[in-house]
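Trainee: Residue numbers (the numbering used here): 74 to 212.
Even glycine gets a Cβ: it sits at the ideal position worked out from N, Cα and C.
Bear in mind the structure is a predicted one, so any value in this text is a computation, not a measurement.
Quick one: this structure, given as structure tokens, is what I'll be asking you about.
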Amino acid sequence: MENSNNNLNTFRILFLVQGILVLLCSLFFVFYAFMGVFFTDIIESSGEELDTMPFNPGSLFVAIGSIGFFITIALGIVTLFASKYLKEIRNYNFIFVVAILNCFTGVLGILLGVFTLVELNKPHIKALFNSVEADSFQV
74 MENSNNNLNT FRILFLVQGI LVLLCSLFFV FYAFMGVFFT DIIESSGEEL DTMPFNPGSL
134 FVAIGSIGFF ITIALGIVTL FASKYLKEIR NYNFIFVVAI LNCFTGVLGI LLGVFTLVEL
194 NKPHIKALFN SVEADSFQV
């Protein structure tokens, strides 16, 4: 497990930070869903007939907020797992996929994903992952 000439430890820390930031961003979607509940309450208390409206706009906010919340929580958790696996130098394919997924999360995710993909494609990094996995099968 030679870590002297690679950046895996740096990427491990950055994946940890990215995972925490994504989990914090999920709070935005919670706020978004609560806005939808608030809009629904305003419409119902104003005396406006819900039958005359084609749909309740509050339910759209709740749906988008809920879906966004679950997606960001899942992405945050898998990013934290990628940080753990980088520390253990295992699950090369999982880390590769999470690096690609992080490219969809904004500027920090794009930079982290691209530089991680570049680092993971180096021959000595692939050999490092293969040697660690081969050692774990022999035990």
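Looking at the unbroken alpha helix (DSSP H) that takes in residue 163, where does it start and where does it end?
Mentor: Where residue 163 is concerned, there is no enclosing alpha helix (DSSP H), given that its DSSP letter is neither H nor E.
Trainee: Report buried or exposed for residue 87, applying the criterion of at least 16 other Cβ atoms within 10 angstroms of its Cβ.
Mentor: Counting Cβ neighbours within 10 Å, residue 87 comes out buried, since at least 16 surround it.
Trainee: Out of 80, 81 and 95, point me to the one whose CA is closest to residue 151's CA.
Mentor: 95
Trainee: Would the beta-carbon of residue 141 fall within 9 Å of that of residue 112?
Mentor: no
Trainee: What residues in its chain sit with their C-beta under 7 Å from that of residue 206, if we drop five residues either side in the sequence?
Mentor: 163
Trainee: Could you check where the alpha helix (DSSP H) with residue 176 kicks off and where it finishes?
Mentor: Where residue 176 is concerned, there is no enclosing alpha helix (DSSP H), given that its DSSP letter is neither H nor E.
Trainee: Is the stretch 186-206 in contact with the stretch 164-176, if contact means three or more CB pairs nearer than 8 Å?
Mentor: Taking a cut-off of 8 Å on C-beta distances, the stretch 186-206 touches the stretch 164-176, as three or more cross pairs fall below it.
Trainee: Find out if the Cβ-Cβ distance for the pair residue 79, residue 195 is shorter than 9 Å.
Mentor: yes
Trainee: Please state the DSSP three-state secondary structure of residue 127.
Mentor: coil
Trainee: Select from 183, 182, 171 and 98 the residue whose C-alpha is nearest the C-alpha of residue 139.
Mentor: 98
Trainee: Specify the secondary structure class of residue 80 as computed by DSSP and reduced to three states.
Mentor: Looking at residue 80 - three-state DSSP - the assignment turns out to be coil, as it is neither helix nor strand.
Trainee: May I have the straight-line CA-CA distance separating residue 146 from residue 136, to the nearest angstrom?
Mentor: 15 Å
Trainee: Of the residues 129, 165 and 100, which one's Cα is nearest the Cα of residue 110?
Mentor: 129
Trainee: Measure the CB-CB distance between residue 185 and residue 84 and report whether it falls below 9 Å.
Mentor: yes
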